[in-house]
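Okay, so the sequence shown: first residue is 58 according to this note's numbering, each after it adds one.
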Amino acid sequence: MANTDLSRILGGSPGSVLLKLIFMSIVVGAFLSLFGLTPPDLLRGAKELLDRIMDLGFGAVRQVLRYFVYGAMIVVPVWLLMRLFGR
């Protein structure tokens, strides 16, 4: 596969993409560490979220909307940063 094909698939040159991924990994790792979170904590939290949604039944809509707002408070700024850094 030609380098241009690889660049198109990755969204940039392999070296550039690697550096961006390293930088974002450090930023996200620092953020998670700041809040005392680990990847297993996140997976456990996702499982507990699904369990609570199933247990809540129709009351889940309000809880899901709350989770949406909380998640958007993290996702939207990350998305904006990614757009500012070009990807």
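Here a beta-carbon is modelled for each residue, glycine too, at the ideal position from N, C-alpha and C.
Cβ distance (whole Å) where residue i is taken to contact residue j below 8 Å
| i | j | result |
| --- | --- | --- |
| residue 63 | residue 71 | 6 Å |
| residue 103 | residue 110 | About 11 Å separates the two Cβ atoms, so there is no contact after all. |
Residue i vs residue j beta-carbon contact at 8 Å
| i | j | result |
| --- | --- | --- |
| residue 124 | residue 106 | yes |
Alpha carbon of residue i to alpha carbon of residue j, nearest angstrom
| i | j | result |
| --- | --- | --- |
| residue 133 | residue 112 | 29 Å |
| residue 141 | residue 85 | 16 Å |
| residue 66 | residue 74 | 11 Å |
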